[in-house]
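Heads up: the structure comes next, in structure tokens.
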Amino acid sequence: MVGATEPDTRPYLKLLGRVALHDCDGRDLTPKSRRSVCLLAFLALQRDGQATREKICGLLWSGRGDEQARDSLRQTLADLRRTLGARAKQLLRATRDTIGIELGELRVDVRIVEQMLAQGNPEAILFAADHWDGGLLEGLLSPDPEFDAWLSIERTYITEIFVRSADVALAVAVRTGCEPDLHKLAEYLIRIEPTNEAAHSALIGWALDKGNASAALRRYEACREAFRRDLDSEPPLALRRLAEAAQNPQREALSRQASGRSLTCRRLPSVALIARPPVGPPEFTNGLAGFLFEELVGALGRSHSLALLLPTHPDERLDATYTLTMNMWVEERRLQASFRLSRNIDRTHLLSERMDNENLGIVAESLADLDRIVSHVEYAIATDHRQAGKELDDAYSIWLDADRLTESFRSHDLAGAVSMLHRAAALDPGFSRPIAALASIQLCQPMANPSSEVTSLSFSGALALAK
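Per my numbering, residue 46 is the first one in the sequence shown, and the count goes up by one each step.
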């Protein structure tokens, strides 16, 4: 069973819900001072368990001068040592510049759950559901605006990890018909995220599948109350249709609709792709929007976790979980593109984040190097790549080497890359990136060689390769 280990004598730090620190014998070691609690929690969540004194002072005493802040830190550290008693020497370490805790000497609930989720054990998220006791440092009054800003980011990150993992596990439970896991995971998701559409859909859909219309309607009413309370809106259309199905007096039709809904309950996030019309000389832009659009579809289509790819009109983008918007323009004969990945909260609220590399110059590497785009989608929805055989692995490696070679943008490097890309394409005919790279090199040769010009023939050749 997950979590079943030999007796562990290390202290246990609980950061989910109200903060608590207990020794192995149950003795309460929780600091009384707010700043001592914050210091302990902050260090426990650092990758190596330590931070510079300067950084800690900036988080907990941002409004004080350097000397005053450092003196306050020394007092807080002394208070923490007194609270830990005999454990202090084992747990705490301090130098002139840094303060840390020995992570190997302490069990931390957040780290335990993260490690279990990282193992990919199907029971890990169920264990996490049992141990979820509220958000990170719930109920703690932040002593400083800077600490509050840090805590907000950490809360969002940890919640996203848990929700993402539970979403995937819930999809499996719906697909396999495992009722105990389905209910446990859905209720867990609703505790974390009261307006989680997948969780409500799973619970309502399960009731419909069992022919229990009254239970489905009760679930829907609870769902509607959450959406009205938290988002001041009605539930999404898919959930409203489930409620309509529950009101259908024809049990046979109800059962059929429920059976169909059991597939959509596994709702993995969908992505809508929107290509804005490019702006610039026709020889650069004619047809390129479609070229990029198709390559994006191909790149994202190689992922397991996208239930649906929606090439859609901008007015319909809120029907998808994520929207990838692409804009293009020309500046001094250099075609550029920007991408925005957006997560849809509901039909009136949109949370957007800008790509790290906002302006991607479409030169030899840019059409082939869509990893940045894919990785951002992966970050948001835990994309799981398909397992590849040796030939596919070799094709990817050759493409990657060729892609790196093109970064110099020198003519002889581009020529070498062309040969490698042809080999990669031959190894895996379904792998679109080598073909896209060949097309982009053909398009960009004039930029690498100023004496040549972009012609309609070269552009047609590039599009032919792409298609």
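Beta carbons: idealized from backbone N, C-alpha and C, even for Gly. None of the values given here were measured: they were computed from a predicted structure.
Looking at C-alpha atoms only, which residue of the options is the closest neighbour of residue i?
i, options, result
"alanine 520", "Arg80, Gly149, Val208", "What the structure shows of the chain is the stretch from 46 to 512, and residue 520 is not part of that stretch, so it cannot be assessed."
"arginine 98", "Thr221, Asp70, Arg138, Ala460", "Arg138"
"leucine 84", "Thr143, Asp70, Trp444", "Thr143"
"lysine 100", "Trp444, Leu171, Asp53, Gly145", "Gly145"
"leucine 88", "Lys77, Gly110, Val153, Asp275", "Val153"
"valine 82", "Thr451, Glu168, Phe192", "Phe192"
"arginine 286", "Tyr265, His176, Thr221, Glu270", "Tyr265"
"alanine 174", "Arg141, Gly130, Thr221, Ala231", "Ala231"
"alanine 132", "Gln91, Asp68, Gly149, Arg109", "Before going further, note that residue 132 is arginine rather than alanine in the sequence given. For arginine 132, the nearest C-alpha among the options comes from Asp68."
"arginine 236", "Leu262, Asp275, Lys255, Gly222", "Asp275"
"leucine 200", "Gly94, Gly179, Asp73, Lys134", "In the sequence on display, residue 200 carries arginine and not leucine. Arginine 200 has its Cα closest to that of Gly179, out of Gly94, Gly179, Asp73, Lys134."
"tyrosine 57", "Ser107, Arg156, Gln95", "Arg156"
"phenylalanine 172", "Lys229, Ser187, Thr140", "Lys229"
"glutamate 270", "Asn241, Val64, Arg209", "Asn241"
"leucine 118", "Arg127, Trp106, Thr128", "Trp106"
"glutamine 95", "Thr140, Gly110, Pro225, Leu466", "Thr140"
"glutamate 238", "Cys268, Gly256, Thr221", "Cys268"
"arginine 220", "Tyr202, Ile203, Ala247", "Ala247"
"lysine 255", "Val208, Gly222, Asp116, Ser197", "Gly222"
"glycine 71", "Ala471, Ser78, Asp53", "Asp53"
"leucine 187", "Ser78, Arg209, Asp73", "Going by the sequence as given, residue 187 is serine instead of leucine. Comparing Cα positions, the closest option is Ser78."
"valine 217", "Ile170, Leu472, Glu183, Thr204", "Ile170"
"leucine 148", "Ala114, Ala86, Gly108", "Ala86"
"tryptophan 177", "Pro190, Ser197, Ile203", "Ile203"
"valine 213", "Ala243, Asp189, Glu224, Asn293", "Ala243"
"valine 158", "Lys59, Ala447, Pro281", "Lys59"
"proline 225", "Ala481, Ser456, Glu168", "Glu168"
Please check the pair residue i and residue j, which I expect to be a contact at CB under 8 Å, by giving their CB distance rounded to whole angstroms.
i, j, result
"leucine 61", "leucine 181", "6 Å"
"arginine 234", "leucine 215", "Correcting the residue type first, residue 234 is leucine in the shown sequence and not arginine. Their Cβ separation, rounded to whole angstroms, is 7 Å, which keeps leucine 234 and leucine 215 in contact under 8 Å."
"leucine 227", "tryptophan 251", "6 Å"
"valine 463", "leucine 483", "6 Å"
"leucine 185", "histidine 245", "No, leucine 185 and histidine 245 are not in contact; Cβ-Cβ is about 29 Å, not under 8 Å."
"isoleucine 206", "leucine 162", "7 Å"
"alanine 258", "alanine 211", "With a Cβ gap of about 27 Å, alanine 258 and alanine 211 do not count as contacting."
"arginine 468", "isoleucine 486", "At roughly 15 Å, the Cβ-Cβ gap does not stay under 8 Å, so arginine 468 and isoleucine 486 are not in contact."
"aspartate 458", "leucine 450", "5 Å"
"leucine 125", "aspartate 189", "Not quite, the Cβ-Cβ distance comes to about 17 Å (not below 8 Å), so this is no contact."
"isoleucine 480", "alanine 471", "Isoleucine 480 to alanine 471, Cβ: 11 Å. No contact."
So, with DSSP's three-state summary, where would you put residue i?
i, result
"glutamine 292", "coil"
"proline 52", "coil"
"proline 281", "coil"
"glycine 256", "coil"
"serine 4", "Nothing can be reported for residue 4: it is not among the residues displayed for the chain, which extend from 46 to 512."
"threonine 204", "helix"
"proline 188", "coil"
"leucine 221", "A small correction: the amino acid at residue 221 is threonine; leucine does not occupy that position in the sequence shown. Residue state, collapsed to three classes: helix."
"glycine 461", "helix"
"proline 239", "coil"
"leucine 90", "coil"
"glutamate 199", "helix"
"serine 27", "Because the chain in this structure spans residues 46 to 512, residue 27 falls outside the shown range and cannot be described."
"glycine 110", "coil"
"glutamate 159", "helix"
"glutamate 168", "coil"
"arginine 455", "coil"
"arginine 362", "Residue placement at arginine 362 is flagged as unreliable, the pLDDT there being 46, under the threshold of 50; the coordinate-derived value follows with that caveat. In this structure, arginine 362 counts as helix in the three-state DSSP scheme."
What does residue i pair with, by DSSP beta-bridge criteria?
i, result
"lysine 59", "Ala65"
"glutamine 95", "Gly145"
"aspartate 73", "His67"
"arginine 152", "Tyr57"
"alanine 139", "Ile144"
"aspartate 181", "Rather than aspartate, the amino acid found at residue 181 in this sequence is leucine. According to DSSP, leucine 181 bridges with Leu61."
With a threshold of 7 Å between beta-carbons, can residue i be considered close to chain D, or not?
i, result
"leucine 262", "The structure shown contains no chain D; it is built from a single protein chain."
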